[in-house]
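Mapping of the sequence shown onto the working numbering: residues 1 to 523, in sequence order. Heads up, the beta-carbon is just placed ideally off N, CA and C, and yes, glycines get one too. Owing to the predicted nature of the structure, the values given are computational and were not obtained by experimental measurement. Following: one structure in structure tokens, then a few remarks.
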Amino acid sequence: MNNFPRQLMHSNGVPMLLDTSRVMLSFQRPQERTQLVQFLASFDLYLEQNDIDDVLPSVPGEVVNHSPLRFFVQARSGISQAQFEVLEKAALALGLDFIAPVYRLSNEQGRRALVVPLPNVLVVRLRTQEGVIAGNLTNLPTLTNPLLGALTQGVEPRLQEVLEKTKYLNGFHYYQITNAREVNAYQLRARLQADLGRVVIDAQFETLPVIRPTAIVPSDTLYTQQWDMERIGAGGLGSTGWDIGTGVSTVVVAILDEGVDLSQPDLRFASAGINLGTMLPDGSPTGNHGTAVAGIAAATFNNALGISGVAGNTRILPIAFASWSDVEVAMGINYASMNGADVINMSFGYNGWSTAIINPAIQAAFANDVIMVVATHNYNGAITYPATHPLVIAVGASDQIDNRKSPTSPDGETWWGSNFGAALSVVAPGVLIPTTDRQSGSGYNTTQGTSGDFALTFNGTSAATPHVAGLAALIRSVYPSLTNVEVRALIERSAEKVGVVAYDAVPGYNSGTWNQEMGYGRI
Numbered sequence: 001m002n003n004f005p006r007q008l009m010h011s012n013g014v015p016m017l018l019d020t021s022r023v024m025l026s027f028q029r030p031q032e033r034t035q036l037v038q039f040l041a042s043f044d045l046y047l048e049q050n051d052i053d054d055v056l057p058s059v060p061g062e063v064v065n066h067s068p069l070r071f072f073v074q075a076r077s078g079i080s081q082a083q084f085e086v087l088e089k090a091a092l093a094l095g096l097d098f099i100a101p102v103y104r105l106s107n108e109q110g111r112r113a114l115v116v117p118l119p120n121v122l123v124v125r126l127r128t129q130e131g132v133i134a135g136n137l138t139n140l141p142t143l144t145n146p147l148l149g150a151l152t153q154g155v156e157p158r159l160q161e162v163l164e165k166t167k168y169l170n171g172f173h174y175y176q177i178t179n180a181r182e183v184n185a186y187q188l189r190a191r192l193q194a195d196l197g198r199v200v201i202d203a204q205f206e207t208l209p210v211i212r213p214t215a216i217v218p219s220d221t222l223y224t225q226q227w228d229m230e231r232i233g234a235g236g237l238g239s240t241g242w243d244i245g246t247g248v249s250t251v252v253v254a255i256l257d258e259g260v261d262l263s264q265p266d267l268r269f270a271s272a273g274i275n276l277g278t279m280l281p282d283g284s285p286t287g288n289h290g291t292a293v294a295g296i297a298a299a300t301f302n303n304a305l306g307i308s309g310v311a312g313n314t315r316i317l318p319i320a321f322a323s324w325s326d327v328e329v330a331m332g333i334n335y336a337s338m339n340g341a342d343v344i345n346m347s348f349g350y351n352g353w354s355t356a357i358i359n360p361a362i363q364a365a366f367a368n369d370v371i372m373v374v375a376t377h378n379y380n381g382a383i384t385y386p387a388t389h390p391l392v393i394a395v396g397a398s399d400q401i402d403n404r405k406s407p408t409s410p411d412g413e414t415w416w417g418s419n420f421g422a423a424l425s426v427v428a429p430g431v432l433i434p435t436t437d438r439q440s441g442s443g444y445n446t447t448q449g450t451s452g453d454f455a456l457t458f459n460g461t462s463a464a465t466p467h468v469a470g471l472a473a474l475i476r477s478v479y480p481s482l483t484n485v486e487v488r489a490l491i492e493r494s495a496e497k498v499g500v501v502a503y504d505a506v507p508g509y510n511s512g513t514w515n516q517e518m519g520y521g522r523i
């Protein structure tokens, strides 16, 4: 643990404190979970769990960001340097790539405060004057002086730029350090910052969350009707939104998430999409969340199968996270914008990401006339990033009686409430929502056969957000000449003034009366 600073400063200005009881193990080849658990037990270590652990109470629905190559590990107490060295040496036989430290954001609570600035990646903006060539850090050794050289004991980093990722990072260059066990990103960043401006003008970590930042809160109660579509006026009795339009195939909704089941018969796709880890096709699932989100926005309309999405005749662009890092968020937004997306759905939120990396992608997509719709999250408190960004539509969840979803809502889901505050735009139904699922029991619904192709109780602001993304896609389908600003204004101005909290005229809120719990109202 000696190579890891006790404290780092997040790019957002928040101190990050080393959690000496946790590390992340990254492997070069997939690991079988049962065997890894046995290996860790010999060191009195254990995997971070989805349910309540011995150290911190978890929030129902929290999912640890494990993958076949990446595992988050806990100790009963602090991990000493001697224990670290023994673990590292033994894990090399399993194909260990590197061990990363876990830090805790000083301004966050619970496990959502845990972050991993990767030790093998630096994301930098390069100077292009004075003979320094963009995309080239080969002159890095010339920066060394006796003090700076001591940071790495004379070991020079071996850097490799990943051009497929650089392409989608708005002027940042993505560098992997191939000898990260000898010299890591924390040491290299310190060297660069000591001479900031001569080679680089900014140096960022790629930051991973320990807990996946999806905004779902799973429930086991079955509910068989799409009450949500009637509530928002998409379908039901009388004149409805679907009488005006059900979407057109030329409008594309990007689902930036855990990928989407490409063979789901109730979904139609604009393309196979991309995996943000490999930067190669396709956007197949890396988890269950994205397929459920996609169905609410755009499950195929009137095909005698399953459910109807809000904009059921539009098409889906699936974009699959591999690590849920800030770099992947930025790349996903840019990929969607550069590949024909009219709307981007982001059913997630996390304050541990670097705004310096993500904000330029949001700004570029906005300039490209893309509509971005983001979940506020489910902690019954302050809205999380990037829903706090002024260029996105921040979506909260409403309950079945048209109030903000709270722990006292009548649905009985007492463990969560929709986040709210100054950035809130609108709300949409967020409890007990039927939607598409990964097929044959491989998703949230574990029932085998075709009855397992649909999840009947998807919820959270993850479920609310694609209702709004679907509405944006419908508006784009009927009124293709409207800009993203005009579409947002139409969504906000047409919202229903429901709920027990009064709406008021508030300076700076130009789409009508507003309150911090419901925004401009329920769509």
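Tell me the rounded alpha-carbon separation between residue i and residue j.
i: F84; j: V23; result: 9 Å
i: R315; j: F71; result: 34 Å
i: S239; j: A75; result: 60 Å
i: P57; j: G110; result: Interpretation of P57 is limited by its pLDDT of 42, a score under 50 that renders its predicted location unreliable; no figure is taken from the coordinates.
i: N288; j: L17; result: 32 Å
i: S263; j: D282; result: 12 Å
i: G295; j: I307; result: 8 Å
i: L305; j: D266; result: 7 Å
i: S451; j: A397; result: 27 Å
i: H377; j: I255; result: 17 Å
i: S511; j: Q363; result: 22 Å
i: L69; j: S26; result: 6 Å
i: G352; j: V329; result: 12 Å
i: G273; j: L196; result: 37 Å
i: N120; j: N459; result: 36 Å
i: S11; j: A367; result: 24 Å
i: D44; j: A90; result: 14 Å
i: N527; j: A190; result: The structure shown does not extend to residue 527, since the chain is modelled only from 1 through 523, so no value can be given for it.
i: V293; j: I357; result: 25 Å
i: G233; j: P466; result: 15 Å
i: S325; j: S409; result: 33 Å
i: S406; j: G290; result: 24 Å
Cβ atoms of residue j and residue i: under 8 Å apart, would you say?
i: N313; j: G236; result: no
i: L276; j: M331; result: yes
i: R546; j: F98; result: Nothing about residue 546 can be reported from this structure: the residues present for the chain run from 1 to 523 only.
i: R365; j: I393; result: The identity of residue 365 in the sequence shown is Ala, whereas the question assumes Arg. Contact flag unset, no.
i: R33; j: P285; result: no
i: A298; j: V253; result: yes
i: V501; j: E486; result: no
i: I177; j: L122; result: yes
i: N334; j: Y186; result: no
i: A455; j: G441; result: no
i: T483; j: D369; result: yes
i: A259; j: A336; result: Before going further, note that residue 259 is Gly rather than Ala in the sequence given. Contact flag unset, no.
i: V395; j: V506; result: no
i: N339; j: I383; result: no
i: H173; j: E161; result: yes
i: P213; j: F348; result: yes
So who's on the other strand from residue i, going by DSSP bridges?
i: Y46; result: Q74
i: T436; result: F454
i: A203; result: V124
i: R522; result: V427, E496
i: P265; result: DSSP, once it has assigned bridges, lists no residue as partnering P265.
i: H173; result: V124
Near residue i, which residues of its chain fall below 8 Å by C-beta distance, leaving aside the five closest residues on each side in sequence?
i: S249; result: R268, N313, T314, R315
i: D504; result: T513, W514, N515
i: G171; result: R125, P360
i: P5; result: L18, Y186
Got a sec? Which residues, its chain only, sit under 7 Å from residue i by beta carbon, not counting five neighbours each side?
i: D411; result: D399, Q400, V431, L432
i: P15; result: Q7, M9, S106
i: D19; result: V102, Y103, R104, L114
Consider the Cβ of residue i: report whether some Cβ of chain B lies at a distance smaller than 8 Å.
i: N50; result: The question asks about chain B, but that chain is absent: this structure has only one protein chain.
Return the Cβ separation of residue i and residue j in integer angstroms, given the expectation that the two are a contact with Cβ distance under 8 Å.
i: L40; j: V86; result: The pair is not a contact, with the Cβ atoms about 12 Å apart (cut-off 8 Å).
i: V310; j: L471; result: 6 Å
i: I491; j: V426; result: 6 Å
Counting only the same chain and skipping the five closest in sequence on each side, list residues whose C-beta sits under 6 Å from that of residue i.
i: E230; result: G236
i: E62; result: I211
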